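A short write-up of the structure that comes next.
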């Protein structure tokens, strides 16, 4: 049997949990599946791109009620896709943002017509732009300050978006603080030598991409990026599709009926929200009694697993926010799939969908945090891998006892560390555990993947 490709320390592997595409609703789910089939990007990336467009199209509705006290949340999402260059995130957005860009074009024409006839409205002096592509934070705020009530920030370099390479620590911390305030729906101001920008009442949807080898920089609760910001992002870390794509001769995506339906729905929602809710008293989407019960059960389940030894103990800060994430996603799904204007409350079906997504993101976050192990242990993994190759060659086999006798210093006498490293190497196809012999003479040996040298340093 052909040897699998060993995964590098940066990792091509993520959670095996399936992206819950079907709970997006019929139009969103069919669009994500059509994109997955034709663009051949991972399904989770397709779903994230669809969800980002859905969030943008309904976020200017207002806010959504919480099940606790009188708190409300903006109906907008921060999404983070962990993927390599070449996974076609930008290609996906060419299709999912078609409806948004059509709205921008139609609104530009409408504003020009208003100027011709001399008619003015409370919104006629504003720009039609609502998408900020590949922009820095200052340019994002400039777009938000001028746009007609909602903004989508999409960028394939999340680390730059967070201000990682800004020289001034003060400026970088200001970006982090502003992104947190925007997620909460609070006003943000930016004052510089040549301009003063203030954004208020404009919900922000973010759809960013992060390189897998930067996971440790982002998910380490550093002064650069506190968890208070990172825990607001809904992450997906799918298996790569690179090297598994083929040329297809089916219909083009421009001709796909699902893509067209999605595009029309996005444009329709944006125009509806602009006419019904912009410039008026803030609207609040309520939660039905039945849906509140769904959210309460979800919260209680998460709370139990936050206890010592629970599933979510090590990601407690993100898990603490999972109810808010579930409610926000439920609101997006409810409003996007509504066909009759105003909505009175979140339904049970949408509540279940939001909780299903929140569960998925909890699993992805756990995967990411656990995956940091590879970075923390990279020197030891390389030391053990190089020892195996030097002693047995890239095609050799060996037993665990050999590590105790002649393995690398710091590993040979530590059984727990040895077993952890071997388990990681086996899972990521550096080695393969095999059994030899028969009956009582049966023993376990590890066979080295002949391609291991491609991932060693």
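In the working numbering, the protein residues as written are 4 to 460. Virtual Cβ for every residue (Gly too), placed ideally from N, Cα, C. This structure is a prediction, so every number in the text was calculated from the model and none was measured.
Beta-bridge partners of residue i, as assigned by DSSP
{"i": "residue 77", "result": "66"}
{"i": "residue 437", "result": "448"}
{"i": "residue 172", "result": "Note: residue 172 sits in no beta bridge, so no partner."}
{"i": "residue 201", "result": "192"}
{"i": "residue 158", "result": "211"}
{"i": "residue 371", "result": "According to DSSP, which records beta bridges pairwise, residue 371 is partnered with nothing at all."}
{"i": "residue 400", "result": "450"}
7 Å Cβ shell around residue i - same chain, five flanking residues per side excluded
{"i": "residue 437", "result": "448, 450"}
{"i": "residue 203", "result": "190"}
{"i": "residue 407", "result": "415"}
{"i": "residue 182", "result": "232"}
{"i": "residue 205", "result": "147, 150, 152, 153, 154"}
{"i": "residue 95", "result": "38, 42, 44, 48, 49, 52"}
{"i": "residue 391", "result": "401, 451"}
{"i": "residue 368", "result": "238, 318, 321"}
{"i": "residue 143", "result": "135, 156"}
{"i": "residue 7", "result": "432"}
{"i": "residue 327", "result": "76"}
Range covered by the alpha helix (DSSP H) that runs through residue i
{"i": "residue 407", "result": "404-409"}
{"i": "residue 243", "result": "Taken as a continuous stretch (DSSP letters only), residue 243 belongs to no alpha helix (DSSP H), as it is neither H nor E."}
{"i": "residue 424", "result": "418-430"}
{"i": "residue 223", "result": "Premise fails: residue 223 is in no alpha helix (DSSP H) and is neither H nor E."}
{"i": "residue 389", "result": "381-395"}
{"i": "residue 39", "result": "29-42"}
{"i": "residue 94", "result": "92-99"}
Cβ-based burial, residue i [other Cβ within 10 Å; buried from 16]
{"i": "residue 91", "result": "buried"}
{"i": "residue 307", "result": "exposed"}
{"i": "residue 457", "result": "exposed"}
{"i": "residue 115", "result": "exposed"}
{"i": "residue 337", "result": "buried"}
{"i": "residue 453", "result": "exposed"}
{"i": "residue 99", "result": "buried"}
{"i": "residue 198", "result": "exposed"}
{"i": "residue 9", "result": "buried"}
{"i": "residue 74", "result": "exposed"}
{"i": "residue 342", "result": "exposed"}
{"i": "residue 54", "result": "buried"}
{"i": "residue 310", "result": "exposed"}
{"i": "residue 268", "result": "buried"}
{"i": "residue 325", "result": "buried"}
{"i": "residue 266", "result": "buried"}
{"i": "residue 439", "result": "exposed"}
{"i": "residue 57", "result": "buried"}
{"i": "residue 29", "result": "exposed"}
Segment limits, beta strand (DSSP E) that includes residue i
{"i": "residue 321", "result": "No beta strand (DSSP E) holds residue 321; the alpha helix (DSSP H) holding it covers 319-323."}
{"i": "residue 212", "result": "207-213"}
{"i": "residue 136", "result": "134-136"}
{"i": "residue 459", "result": "It is not in any beta strand (DSSP E) - residue 459 carries neither H nor E in the DSSP assignment."}
{"i": "residue 239", "result": "236-239"}
Simplified DSSP assignment, three categories, for residue i
{"i": "residue 153", "result": "coil"}
{"i": "residue 15", "result": "Its pLDDT being 43, under 50, residue 15 is placed unreliably in this model, and the value from its coordinates should be taken loosely. In the structure shown, residue 15 sits in coil (DSSP, three-state: anything other than H, G, I, E or B)."}
{"i": "residue 289", "result": "strand"}
{"i": "residue 232", "result": "helix"}
{"i": "residue 1", "result": "The question about residue 1 has no answer, for the chain in this structure spans 4 to 460."}
{"i": "residue 332", "result": "helix"}
{"i": "residue 50", "result": "helix"}
{"i": "residue 309", "result": "coil"}
{"i": "residue 85", "result": "strand"}
{"i": "residue 21", "result": "coil"}
{"i": "residue 115", "result": "helix"}
{"i": "residue 412", "result": "coil"}
{"i": "residue 341", "result": "coil"}
{"i": "residue 9", "result": "coil"}
{"i": "residue 364", "result": "helix"}
{"i": "residue 314", "result": "coil"}
{"i": "residue 105", "result": "helix"}
Close Cβ partners of residue i (< 8 Å) along its chain, the five nearest in sequence each way excluded
{"i": "residue 37", "result": "256, 259, 261, 262"}
{"i": "residue 329", "result": "298, 301, 354, 357, 358, 360, 361"}
{"i": "residue 434", "result": "391, 425, 428, 449, 450, 451, 452, 455"}
Residues near residue i by beta carbon distance below 6 Å, same chain, minus five either side
{"i": "residue 462", "result": "With the chain covering 4 to 460 only, the question about residue 462 has no answer from this structure."}
{"i": "residue 273", "result": "60, 106"}
{"i": "residue 333", "result": "349, 353, 354, 357"}
{"i": "residue 47", "result": "22, 239, 241"}
{"i": "residue 235", "result": "81, 186"}
{"i": "residue 192", "result": "201"}
{"i": "residue 162", "result": "217"}
Any non-hydrogen atom of the ligand GTP closer than 6 Å to residue i Cβ
{"i": "residue 79", "result": "This structure does not include the ligand GTP; it has no bound ligands of any sort."}
Below-7 Å beta-carbon distance, residue i vs any chain C residue
{"i": "residue 135", "result": "Among the chains in the structure shown there is no chain C, since it carries only a single protein chain."}
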